[in-house]
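This report refers to the structure that appears directly beneath it.
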Amino acid sequence: MSGNYNTYESPFCTRYASKEMQYLFSADKKFTTWRRLWVALARGEMKLGLPVTQEQVEELEANINNIDFAMAEEREKVVRHDVMAHVYTYGKQCPKAEPIIHLGATSCYVGDNTDIIIMRDALKLVKKKLVNVLANFAKFADTYKDMPCLAYTHLQPAQPSTVGKRATLWMNDLLMDLEEIDYRIENLRLLGQKGTTGTQASFVELFKGDSAKIKALEKSIAEEMGFAACVPVSGQTYTRKIDSQVLSTLSGIAQSCSKFSNDLRLLQSFEEMEEPFGKNQIGSSAMPYKRNPMRSERITALSRYVMIDTLNPAFTAGTQWLERTLDDSANKRIAVAEAFLAVDAILNIMMNVTDGLVVYPEMVRARLMKKLPFMATENIMMKAVEKGGNRQELHELLRTHSHEATLRVKGGGDNILAELIANDPAFNITKEEIEEMLIPENYVGRAPEQTAEFLAEFIQPVLDANGDMLGEKAELSV
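Note that the sequence shown covers residues 3 to 480 in our numbering.
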């Protein structure tokens, strides 16, 4: 808790999201970006011959971070318009530039362009954390690529895999998410200066109908803000489908992390793996022995929130009327920000958990060995056929013996399938011969090789390309 006990505070700020991500959605980031956009507009207009001076541009630049928030808040109470309140405040701090601030622009010039800039910067932070999660998983997968484990379909024992191979399934989902993030970052475009209904009519007036200069101004602003271009057409705002697409990408990360967290919770219940557990951590107020997977549960909970939150920009995009309506504003300032804050929190936990995953090899092997006789029945049958047995008759006998052994296991006993087969003369096979077949490593297929190939061919190139991002750690506040 931050100490403010009398008013509601978002848990994203007090418990979950990093200071880095919180700053990206802060008032300081928002309004300094507005000012950077006003500087870019003024500079571009000056270069293209409008009555804007170098002295005015320099005055604006000098005061980008010098925001009088109290003045802006008081002015907004009077005019009921946030952009005009900040134009007024900026003008009071830049008296020489005051006449040309926001020249030709509409509110969405600063509002929408800032939203795109913030989403781009937030996606870059998400990418950095995701790359570090993949790096942690890569070490884990490599370490355990050869360790046989019981694999499941329908949450029922199927055939063996390896602990490392299972980790590649989590990694592959996240790799797909990373590719989506890269695509979104690369293809984000500013709104530019499109005007009240997207026609740039005010700039046609300013530049006396010179379309080349209007397009040059837009190109100048995009370059100054670090973008390849602006959107080709728009109404007053950029299409809200962009918000929907970005949050769908965040939802993809949430889906992947939720899948991992649920798997880890199951494996912790099986006592094969577990998340890190603090030396002084309390699992239950009533049961001192408990080791609850609370970090994985938090990943699941926050992921659920993000996946549901994705509906907000989807509905917003689908219900904008004509060139724009304002029913987007209140919704998007909450939905977009909280999706990023939640994914930031999820990846913080993911970095923490994947950096300290615990495996219990003896339990992994014991659980596999308890089921392995069932999985070896095909090999046993082929061995018995080699000795002269009838495949169809042996198959029926194996089915009968397997059911008997299963009932024994479900009754709390040992798996006696090997004994039942060895005692059946139809198989002409000894218990020792059966036990020689019960080597888990012989049943994992290409799992170790698949893991090594995946790490070398798909993960290592990503880590090499993003080496400057590696080394990120996450300390959880709770």
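For glycine and all other residues, C-beta sits at the position ideal for the given N, C-alpha and C.
Remember, predicted model here, so these are calculated numbers, not experimental data.
Inter-residue distance for N294 and E76 is about 50 angstroms (C-alpha atoms, whole angstroms).
Short of 7 angstroms from the beta carbon of V355, and not among the five residues preceding or following it, lie these beta carbons of its own chain, in chain order: E277, P278, R297 and S298.
Between A420 and K147, the gap from beta carbon to beta carbon reaches 8 angstroms or more. In the structure shown, the three-state DSSP call for M275 is strand. Assignment of L192 by DSSP, reduced to helix, strand and coil, places it in the strand class.
Between A319 and K243, the beta carbon gap of about 5 angstroms places them in contact (Cβ cut-off 8 angstroms). Considered as a whole, the segment 436-476 harbours no complete run of any beta strand (DSSP E) with no fewer than 3 residues. The beta carbon of L269 sits closer than 6 angstroms to those of M275, all from its chain and outside the five residues before and after it, given in chain order.
Three or more pairs of CB atoms, one per stretch, sit closer than 8 angstroms, so the segment 37-54 contacts the segment 89-108. Straight across, the Cα-Cα distance linking T379 with D265 is about 28 angstroms.
Between E398 and S258, the alpha-carbon positions lie close to 42 angstroms from each other. Here the segment 166-179 lies against the segment 448-463, with 3 or more beta-carbon pairs under 8 angstroms apart. Taking all protein chains shown into account, K210 has fewer than 16 neighbouring C-beta atoms within 10 Å of its C-beta and is therefore exposed. DSSP places S163 outside any alpha helix (DSSP H); the residue lies instead in the beta strand (DSSP E), whose first and last residues are Q158 to T164.
With respect to A160, A153 sits close: the two C-beta atoms are nearer than 8 angstroms.
Considering only K141, V89 and R82, the residue with the shortest C-alpha distance to L472 is K141.
Segment contact: the segment 189-199 against the segment 209-225, three or more CB-CB distances shorter than 8 angstroms; contact assigned. W172 sits buried, since 16 or more C-beta atoms from the chains shown fall within 10 Å of its C-beta.
Apart from sequence neighbours up to five positions away, the residues of its chain that approach S260 with a beta-carbon distance below 6 angstroms are T302 and S305, ordered along the chain.
In this structure T321 is not in contact with D311, their Cβ atoms being roughly 17 angstroms apart against a cut-off of 8 angstroms. Counting other Cβ atoms within 10 Å of its Cβ, P427 stays below 16 and is therefore classed as exposed. Below 8 angstroms, too few C-beta pairs join the segment 434-444 and the segment 398-411 to call them touching: fewer than three. Boundaries for L152: no alpha helix (DSSP H) harbours it, while the beta strand (DSSP E) harbouring it runs P150 to T155, taken from the DSSP string. By the Cβ-count criterion, A368 is exposed, with fewer than 16 other Cβ atoms from all chains shown falling within 10 Å of its own Cβ. For Y90, the enclosing alpha helix (DSSP H) begins and ends at D84 to Q95.
Between D357 and I255, the C-beta spacing is not below 8 angstroms.
Here V360 carries a strand assignment [DSSP, helix/strand/coil].
S222: member of the alpha helix (DSSP H) spanning S213 to E226, first to last residue.
Counting C-beta pairs with one atom in each stretch, the segment 65-76 and the segment 105-123 have fewer than three that are closer than 8 angstroms, which means they do not touch. Considering only E63, T34 and S20, the residue with the shortest C-alpha distance to A44 is E63. Under the DSSP assignment, S298 falls in the alpha helix (DSSP H) whose first and last residues are M296 to D311.
Under a 10 Å Cβ-count criterion, S263 is classified as buried, with 16 or more other Cβ atoms of the shown protein chains found around its own Cβ. Within the segment 26-89, the alpha helix (DSSP H) runs of at least 4 residues that lie entirely inside it are, in chain order, 29-49, 56-64 and 71-81. Taking C-beta separations shorter than 7 angstroms and ignoring five residues to either side along the sequence, the partners of L349 in its chain run V128, K131, L132 and V135, following chain order. Within the same chain, Cβ atoms closer than 7 angstroms to the Cβ of N314 are found at N333 and A337, the five residues on either side in sequence being excluded.
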